[in-house]
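Quick note on my numbering: the sequence shown kicks off at 149 and runs consecutively.
We treat Cβ as the ideally placed atom computed from N, Cα and C, and that holds for glycine.
Just below is one structure, and these are the notes that go with it.
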Amino acid sequence: MRMSPPTSPVASGQLNPIPTRLRSEAGRPAAVLVGLMADASGWQVIMTERAAHLAHHAGQISFPGGKVDDADTTLVATALREADEEIALPSTKVEILGGLDPVSSPVGFIVQPIVGIVAPQVDLQACPDEVARILILPLADLISPPRHRRESYIREGRRRDIWVIDHPEHYIWGLSAAIIVDLAARVGPLPQLAGTGLAETQRGA
149 MRMSPPTSPV ASGQLNPIPT RLRSEAGRPA AVLVGLMADA SGWQVIMTER AAHLAHHAGQ
209 ISFPGGKVDD ADTTLVATAL READEEIALP STKVEILGGL DPVSSPVGFI VQPIVGIVAP
269 QVDLQACPDE VARILILPLA DLISPPRHRR ESYIREGRRR DIWVIDHPEH YIWGLSAAII
329 VDLAARVGPL PQLAGTGLAE TQRGA
């Protein structure tokens, strides 16, 4: 599955090459999928609300992803496996474009964001063990600079500065917000999908 370069909101040349592995001394390796999907109204970002019963990050807005398993041959494999497990997104429905900068989490992970284009009309299903619901959020809302701000909090006696996205419906902060800010710096003018084959496919399918 390939999409023409002018259609994508971010050119692959604006993204980082994806390392096969992350340096172990930087933290426990993990990867997330930053899935971009187009419909007739424009480009969307696939995120999740984590299940309320989880021991860590319950209820937070995040990207599908998780830690690297021994069976994962690459970080891309990790991101795709986790997306399949969490939201039933088949790897065959994702075109990988490249990576963003790795982000460190407060609990010792170093997370590699993987950017990919998700095929239109894909049937996503939330895994209740991990995901409360799947969120399809407009890319334009997330990457608007006026919505990006910094907050500080104290953890274990240390001040930490984090990114926050002022989304009208969801509180997006920390690692997920930092990934969005990085993505925003690499996205050019969003292409108009109305009248394109992609938008017509969305309406006519």
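Presumed contact (8 angstroms Cβ cut-off) between residue i and residue j, rounded CB distance
i	j	result
Ile310	Tyr319	No, Ile310 and Tyr319 are not in contact; Cβ-Cβ is about 12 angstroms, not under 8 angstroms.
Pro177	Ile258	6 angstroms
Ile265	Ser160	That pair is no contact at about 10 angstroms.
Ala288	Gly190	6 angstroms
Arg216	Ala179	Per the sequence shown, residue 216 should be read as Val rather than Arg. The Cβ separation is near 7 angstroms, so the contact holds.
Arg229	Asp218	So it is not a contact: roughly 12 angstroms between Cβ atoms.
Same chain, Cβ closer than 6 angstroms to residue i, five either side skipped, listed in chain order
i	result
Ala231	Leu181, Pro212 and Leu237
Arg307	Ser300
Closest Cα partner of residue i within the set the options
i	options	result
Ala227	Pro157, Pro294, Trp321 and Arg169	Arg169
Ala188	His201, Ala333 and Gln269	Gln269
Glu233	Pro276, Glu304, Glu243 and Pro316	Pro276
Pro293	Glu304, Asp314 and Arg198	Asp314
Gln162	Ala274, Ile262, Asp220 and Val242	Ile262
Ala326	Leu248, Gly214, Gln192 and Ala199	Leu248
Simplified DSSP state of residue i, which is helix, strand or coil
i	result
Asp309	strand
Glu233	helix
Thr196	strand
Gly343	In this prediction, Gly343 has a pLDDT of 42, which is less than 50 and means its spatial position is unreliable; what the coordinates show is noted afterwards. Three-state DSSP puts Gly343 in coil, outside helix and strand.
Gly352	Residue placement at Gly352 is flagged as unreliable, the pLDDT there being 31, under the threshold of 50; the coordinate-derived value follows with that caveat. Three-state DSSP puts Gly352 in a helix.
Gln269	coil
Asp131	As shown, the chain starts at 149 and ends at 353. That puts residue 131 outside it, with no answer to give.
Ala186	strand
Gly160	The question names Gly, but residue 160 is Ser in the sequence shown. Correct three-state label for Ser160: helix.
Ser324	helix
Pro154	In this predicted model, Pro154 has a pLDDT of only 41, less than 50, meaning its place in the structure is not dependable; the value taken from the coordinates is given anyway. DSSP places Pro154 in helix when its eight states are reduced to three.
Cβ neighbours of residue i in the same chain (closer than 7 angstroms, five flanking residues each side left out)
i	result
Ser253	Val259 and Leu323
Thr222	Thr168
Ser210	Met195, Thr196, Arg198 and Ser324
Identified DSSP bridge partners for residue i
i	result
Lys215	Ala178
Arg169	Arg169 is not bridged to any residue.
Gln260	Ala179
Min CB distance residue i to chain D below 8 angstroms
i	result
Phe211	Absent from the structure is chain D; it holds one protein chain and no more.
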